[in-house]
Amino acid sequence: MRKVTSLFISLSISLAIFGQTGSEELQRDVAFYNAVNKWFSAWKLVSKDIYKINQVRPVEFVFFDKKYVYSTSSITIRNGISVKGCNLINLNLKWKKALHNDTLTFPDKSVVPINLMSFAAQIPGDSNKSFFVMPLPGFWAESGVTSKELGLENLITGIFLHEFSHSQQMRNFGKKITVFEQQNNWGVEFNDDVVQNIFSKDTVYCEYNKKEIGLFYNSIKSNVLNKGLVTAGLGMLKKRQNEYFTGRYKNLEQIDNFFLTMEGIGQYSMYLWLIHSKGGNIKREIAIEGVRRGGRWWSQDEGFVLFLILEKLKTSKSWAKDMFGNKTEDVIVLIEDLVK
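Residue numbers (our numbering): 24 to 363.
Below, the structure written as structure tokens:
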């Protein structure tokens, strides 16, 4: 009965905003509004209620389905139709929609074909502003994306939280990425998976990595953190980095820690919403499994568990603001200082 009541209330709100939904066009607008309202509410919960961060740095948004793009950017949509959209905390946003004809123009003026993508990036020439790109739920469903642990709706809300967290890191992590990319070239794509891109075919390295991550996840299995396993995991991490990050790869240690921190806070933000009673309301163990997605991406998987460790050592409101501030933090250093 509760589910029926909730659906009726949600539908009534949508109809009040948009009028009677008789056309496909209006139904798309309702779907856009409902999705963005949920995603923005999720960020408010994590940012304001948990991290105690009450401001959002400026962002231009680009959302899309199979037919339309919905955006706050005058570059993405030069001439479009004004639509009802959502504001986000301190950001008062003006929304428009337009037919995208299978291509998108991003706020940085790059043009890309429509595909399954979700990311945040800096707007060139404006260090304080970023843009955020993500498909609407119907696009994800039609692309065959699923999660048996979380369900599609919770999964894509979590993806929003992860990627949107990066939009709030342009003044620290965003700046550093540009510097790292300019200073290093290892013949693989430079992104958060750069270490995996280099060493994924090295079976010995992969075994090191697997054992290291296993120690960290085993350390958080009970309500009380096993500091012995944390220390052992840190030891393996240092050994791995000392043995492999030498010669032409000597800069990888700093970059490894950097991406473990950046990707970790994204995964952790997703997790916080999933387990919250006002969010996904999912059991902790199921949420962890769902966020890990089989551990396929090293920096996300290990970064996530490092923040699960950090939260057991010190409450998030004492360090979260720095993760979204003006200087780049290192989750490894924070943990090392707290387990001494």
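Glycine is no exception: its CB is placed at the ideal position from the N, C-alpha and C atoms.
C-beta contact flag for P136 and S96 at 7 Å: no
What are the complete beta strand (DSSP E) segments, minimum 3 residues, inside the segment 61-139? Within the segment 61-139, the runs of beta strand (DSSP E) that reach at least 3 residues and sit entirely inside it are, in chain order, 82-87, 91-94, 104-106, 118-122, 126-128 and 134-136.
Beta-bridge pairing of D149 - partner residues as DSSP gives them: I146
Across the segment 103-123 and the segment 202-215, are there enough close Cβ pairs to call them in contact, namely three or more that are closer than 8 Å? Between the segment 103-123 and the segment 202-215 there are fewer than three inter-stretch CB-CB distances shorter than 8 Å, so the stretches are not counted as touching.
Express the C-alpha separation of L331 and S339 in angstroms, rounding to a whole number. 10 Å
As assigned by DSSP and simplified to three states, the class of V156: strand
Please confirm if the segment 144-163 is in contact with the segment 302-319, defined as three or more CB-CB distances below 8 Å between the two stretches. no
V217: buried (16+ other C-beta within 10 angstroms of its C-beta) or exposed? buried
Distance, V362 Cα to F87 Cα: 45 Å
Taking all protein chains shown into account, do 16 or more other C-beta atoms lie within 10 angstroms of the C-beta of T351, making it buried, or fewer, making it exposed? buried
Quick check on K26: does DSSP put it in helix, strand or coil? For K26, the predicted structure reports a pLDDT of 39, less than 50, and the residue's modelled location is therefore unreliable. A value from the coordinates is still provided. Helix at K26.
Does the beta-carbon distance from K132 to Y93 come in below 7 Å? no
If you draw a straight line from the alpha carbon of F142 to that of M157, how long is it in whole angstroms? 7 Å
Count Cβ pairs between the segment 181-189 and the segment 228-242 that sit closer than 8 Å; are there 3 or more? no
Could you check how far apart the C-beta atoms of L297 and N177 are, in whole angstroms? I think they sit under 8 Å. The beta carbons of L297 and N177 sit about 6 Å from each other, so the pair counts as a contact at 8 Å.
Where G210 sits in the DSSP three-state scheme: coil
Determine the DSSP secondary structure at S170, reduced to helix, strand or coil. Here S170 sits in coil by DSSP.
For the segment 316-344, which segments carrying the alpha helix (DSSP H) assignment without a break, of at least 4 residues, lie completely within its bounds, in sequence order? Counting whole runs of 4 or more residues, the segment 316-344 contains the alpha helix (DSSP H) stretches 321-336.
According to DSSP, is F347 part of a helix, a strand, or is it coil? Three-state result, F347: coil.
Three Cβ pairs or more, each shorter than 8 Å: is that satisfied between the segment 285-302 and the segment 187-201? yes
Among K171, Y91, Q145 and V79, whose alpha-carbon lies nearest the alpha-carbon of N113? Here the closest residue by C-alpha is V79.
Leaving out five residues before and five after S292 in sequence, what residues of the same chain have Cβ atoms less than 7 Å from its Cβ? V69, L184, H185 and S188
Can you tell me whether V247 is buried or exposed, with buried defined as 16 or more other CB within 10 angstroms of its CB? With fewer than 16 other beta carbons inside 10 angstroms of its own, V247 counts as exposed.
Please determine, among I309, R271 and L139, the residue with the shortest C-alpha to C-alpha distance to E172. I309
Tell me which same chain residues have a C-beta within less than 8 Å of the C-beta of T254, skipping the five on either side of it? Only V362 meet the Cβ criterion.
Within its chain, find whatever has a CB closer than 6 Å to the CB of N77; leave out the 5 residues flanking it on each side and keep chain order. K71
Own chain partners of L111 with C-beta closer than 6 Å, once the 5 adjacent residues on each side are dropped: F63 and V79
Exposed or buried, which one is E18 when buried takes at least 16 other CB atoms within 10 Å? Shown here, the chain extends from 24 to 363; a query on residue 18 therefore has no answer.
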